[in-house]
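Visitor: Pasting in a structure now, in structure tokens, and then I'll have a few things to ask.
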Amino acid sequence: MEDHQIVTLFYHRAEKAIDETAKKYGPLCRRIAQNILENEQDADELVNDTYLRLWNTIPPEQPKSLKAYAATVCKHLALDRYERDHAQKRGGGQLPMALEELAECIPDTASDVTEHLALRDALHSFLDALPPFSRVLFVRRYWYLTPLDALAAEVGMREGALAMLMLRIRKKLKQYLQKEGFDV
Amino acid sequence: MTTKALFQAIDAIDAHYIIEAQEEAVIRTHRRRRNRRTAAVCACFAVLLVGALTLPGLLHPARVDGDGQQQMADINYGFYLNGLDYQPFGAGDYARYPVLSSMQYSIQYSITREQRNELIKRMAGEIVGTVPADENFGPGTVYRVAAYPDYDSIRIMYRDGNYEFYVSDGNSLYHYFAETGDRSSGNAFAFHGLPESILTVQTELIDGEALGEENTRELFAILSDREDVEYAVWAARVVALWAQTYGTDEVRLNERGEGLSYDATDRDVYERLMQLTKPQTIWIATDRGFDELLICYYPQFSMFTFCNVMYELQPDEVTAINTLLDLE
């Protein structure tokens with residue numbers, strides 16, 4: 158079923174909307190939740206929370222891409238739960254590892270976060286300049302938080318080769334951010 | 044800037060990057076180019092060994108990508124058959140079909156080509172078609188996958204001495220439109236084999252009664268042979284009906300005159316608009332293995348949509364359809 162058809166079901170408050178969303182995007186949401194949280198039970202609960210959030214927000218939301226909307230909602234719910242559960246400690250899930258890798262691009266020095274939109278726009282330019290394959294790798298690793306070994310299997314590469322490629326992409330990002338005047 | 048700030052900025056990237064990252068086509072293209080590059084290198088060594096041909100004569104014209112890497116010219120490794128575009132399996136495709144997942148390990152554990160051919164050959168079902176030869180490849184024979192007899196989305200092809208899995212991302216109605224130059228409703232129905240391929244037609248969103256066979260044929264007779272119209276036609280009729288119903292311009296055409304403009308934060312306007320534009324949904328299940336098809340019928344606008352294409356109806360046709368669907 159097309160996304161707009163499922164969104165129409167949400168508009169008309171038909172419960173079939175949830176069934177169709179689960180059929181089409183359930184596996185994607187589960188993967189995102191599992192990448193961030195520690196165990197499968199939490200991930201399953203979170204996916205159900207995602208469906209509830211979609212039900213409560215569509216309408217009035219009119220997502221052009223239900224896929225992106227569901228993935229974003231799921232990821233934010235997962236990150237909220239992760240921060241709640243790990244307020245006092247680190248460990249578990251892909252989030253700490255991804256943050257460590259990104260810290261190579263910039264030192265984790267204390268600074269005011271005042272450049273969010275500018276940084277996002279710069280990221281868009283950086284992503285646009287990447288070859289499609291590298292761009293997909295970057296987003297799958299740092300947006301979807303896909304583990305490196307799983308990502309290597311998905312794209313048919315050896316893990317070591319993928320790690321080298323990701324390192325080169327991160328170096329490019331660092332150079333780009335420096336060139337754009339960001340404090341790195 | 045902190046690491047967290049960078050992470051939050053990545054989190055806020057536009058939706059199209061998030062969607063693109065899930066598209067296997069990019070991965071498949073990269074794998075084809077990498078394999079072609081590898082094959083070209085092997086061929087070069089073979090040339091050096093036999094000393095028969097020059098290097099430039101072997102390599103396809105190269106392009107330079109953003110990384111400064113030379114890439115080979117694109118070769119279409121896929122094929123088009125019975126309305127579907129098929130491309131070679133990517134790494135992620137094996138996971139979607141559990142019976143085939145074991146084949147993925149054959150890549151990693153390096154069984155011989157002959158062993159792989161034998162394994163895949165055993166999984167082939169009935170022949171469903173042939174693919175003609177082109178400048179790069181010989182003719183191919185296409186089989187169903189025996190373990191998934193009802194799935195049109197996967198196939199096995201035997202070509203140039205090798206068996207391989209192929210996958211389609213979905214029906215290619217738009218490819219069919221482009222090929223035939225005909226976006227009429229009749230052509231769209233023909234692509235899906237309607238009405239002959241119909242199993243059931245239902246007019247309620249939740250467990251409604253099925254439309255009888257005779258009424259189904261009559262319905263499709265009315266809906267066929269419609270030429271597609273632009274979305275702007277629908278938008279104009281929505282605006283006109285809103286003005287007629289509520290006497291306000293809270294819903295109007297946008298600046299380009301091709302869509303609607305209204306205050307999306309006004310819940311009342313939004314709910315009234317949704318009610319005004321609510322379609323009568325017609326669900327169609329077919330024997331073609333596709334998902335359920337959907338016709339959104341808008342009697343209030345004398346229009347209907349099928350597969351995201353919009354069509355107009357005449358007033359007497361609307362009356363006839365309403366009778367068939369038992370609508371007031």
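Quick note, the sequences are listed as chains W and H, same order.
Residue 158 is where the first sequence starts when you use my numbering, and the numbers rise one by one after that.
Residue 44 is where the second sequence starts when you use my numbering, and the numbers rise one by one after that.
Glycine included, every Cβ here is placed at the ideal spot set by N, Cα and C.
What you are looking at is a predicted structure, and each value in this text was computed from that prediction instead of being measured.
Counting C-beta neighbours from all protein chains within 10 Å, is the total for T329/H 16 or more, i.e. buried, or is it exposed?
Guide: Buried is the call here.
Visitor: Which residues, in order along the stretch 46-66 of chain H, keep a beta-carbon less than 9 Å from a beta-carbon of chain W?
Guide: Against chain W - using a Cβ distance shorter than 9 Å - the residues of the stretch 46-66 of chain H are T46, K47, A48, L49, F50, Q51, A52, I53, D54, A55, I56, D57, A58, H59, Y60, I61, I62, E63, A64, Q65 and E66.
Visitor: Rounded to the nearest angstrom, what separates E67/H and I170/H at their Cα positions?
Guide: If you take the alpha carbons of E67/H and I170/H, they lie about 26 Å apart.
Visitor: Listing by chain order, which chain H residues have their CB less than 7 Å from the CB of R277/W?
Guide: Neighbours of R277/W on chain H, chain order: A52, A55 and I56.
Visitor: So what does M200/H bridge to, in DSSP terms?
Guide: Paired residues: V185/H and E207/H.
Visitor: Check the Cβ-Cβ distances between F167/W and every residue of chain H, and say whether any is below 8 Å.
Guide: No, F167/W lies away from the interface with chain H (no Cβ there is under 8 Å from its Cβ).
Visitor: Given a cut-off of 8 Å on the beta-carbon distance, is the pair G229/H and S267/H in contact?
Guide: Their beta carbons are under 8 Å apart, which means G229/H touches S267/H by this criterion.
Visitor: Beta-carbon within less than 6 Å of V361/H's beta-carbon, same chain only, minus the 5 sequence neighbours each way: which residues are those?
Guide: Same-chain partners within the cutoff: P342 and S345.
Visitor: Go ahead and pull the three-state DSSP assignment for L303/H.
Guide: Correct three-state label for L303/H: strand.
Visitor: Grab the span of the beta strand (DSSP E) containing A372/H for me, first residue to last.
Guide: This structure cannot speak to residue 372/H, because chain H is shown only from 44 to 371.
Visitor: Would you say V164/W reaches chain H, if we count a Cβ-Cβ gap shorter than 8 Å as a contact?
Guide: By this cut-off, V164/W is not an interface position.
Visitor: Using CA coordinates, which residue listed in Y299/W, L236/W and D285/W is at the minimum distance from A260/W?
Guide: Checked all of Y299/W, L236/W and D285/W; the closest Cα to A260/W is Y299/W.
Visitor: Taking all protein chains shown into account, decide if D160/W is buried (16 or more other Cβ within 10 angstroms of its Cβ) or exposed.
Guide: Buried, since its Cβ has 16 or more Cβ neighbours within 10 Å.
Visitor: Any C-beta of chain H sitting closer than 8 Å to the C-beta of L319/W?
Guide: Not one chain H Cβ lies under 8 Å of L319/W.
Visitor: Report yes or no: is there a C-beta of chain H within less than 8 Å of the C-beta of Y301/W?
Guide: Yes, Y301/W lies at the interface with chain H (some Cβ there is under 8 Å from its Cβ).
Visitor: Would you call the stretch 286-302 of chain W and the stretch 312-327 of chain W in contact, with 3 or more CB pairs under 8 Å?
Guide: Result yes; three or more Cβ-Cβ pairs closer than 8 Å.
Visitor: For Y226/W, I'd like the list of residues in its chain whose CB is within less than 6 Å of its CB, leaving aside the five on either flank, ordered along the chain.
Guide: So the qualifying residues of the chain are P220.
Visitor: Do you know offhand how far V352/H's Cα is from L370/H's?
Guide: Using only the alpha carbons, I get a separation of about 23 Å.
Visitor: Leaving out the 5 sequence neighbours to the left and right, which residues in its chain are closer than 7 Å to T243/H when beta-carbon positions are compared?
Guide: For T243/H, where only same-chain residues beyond five positions count, the Cβ hits under 7 Å are A253 and A328.
Visitor: Using three-state DSSP, classify T362/H as helix, strand or coil.
Guide: It is helical.
Visitor: Can the beta-carbon of L209/W be found less than 8 Å from the beta-carbon of A235/W?
Guide: No; because the gap between Cβ atoms is not below 8 Å, this pair is not in contact.
Visitor: Is there a Cβ from chain W that is less than 8 Å from the Cβ of K164/H?
Guide: Chain W, which has no Cβ nearer than 8 Å to the Cβ of K164/H, makes this no.
Visitor: Quick one: using the 10 Å Cβ neighbour count with 16 as the cut-off for buried, is G313/W buried or exposed?
Guide: Buried, by the Cβ-count rule.
Visitor: Taking K164/H as the reference, give the member of A189/H, A176/H, E178/H and P175/H with the closest Cα.
Guide: Nearest option by C-alpha distance: A189/H.
Visitor: What's the C-alpha gap between L185/W and Q198/W?
Guide: Using only the alpha carbons, I get a separation of about 16 Å.
Visitor: Starting from I326/W, follow the alpha helix (DSSP H) in both directions and report where the run begins and ends.
Guide: It spans E316 to K336 - the alpha helix (DSSP H) in which I326/W sits, taken as one unbroken run.
Visitor: How would you list, in chain order, the residues of chain W whose beta-carbon sits under 9 Å from the beta-carbon of L337/H?
Guide: In chain order: M158, E159, Q162 and T165.
Visitor: Buried or exposed for L101/H, please, with buried defined as at least 16 other CB atoms from any protein chain shown within 10 angstroms of its CB.
Guide: No answer about L101/H holds up, because its pLDDT of 26 lies below 50 and its placement is not dependable.
Visitor: For R297/W, which residues in chain H fall below 7 Å Cβ to Cβ?
Guide: Within chain H, the residues near R297/W are A64.
Visitor: When the Cα of R156/H is compared with those of W285/H, G183/H and E207/H, which residue comes out closest?
Guide: Cα-wise, what sits closest to R156/H is E207/H.
Visitor: Expressed to the nearest angstrom, what Euclidean distance is found between the alpha-carbon atoms of Q335/W and D242/W?
Guide: C-alpha separation (whole angstroms): 35 Å.
Visitor: Tell me which residues of the stretch 195-226 of chain W have at least one Cβ-Cβ distance to chain H shorter than 7 Å, keeping chain order.
Guide: So the list reads P216, P217, S222, K224 and A225, given in the order they occur along the chain.
Visitor: Can you pull the chain H neighbours of P304/W, defined as C-beta to C-beta under 8 Å?
Guide: Going along chain H, no residue has its Cβ under 8 Å from P304/W, so there is no contact; the nearest lies around 14 Å.
Visitor: Does the CB of M353/H have a neighbour CB from chain W at under 8 Å?
Guide: Output row for M353/H: interface = no.
Visitor: Which partner residues of I327/H appear in the DSSP bridge assignment?
Guide: Its beta-bridge partners are V244/H and L336/H.
Visitor: By the three-class DSSP mapping on this structure, what secondary structure does V272/H have?
Guide: DSSP places V272/H in strand when its eight states are reduced to three.
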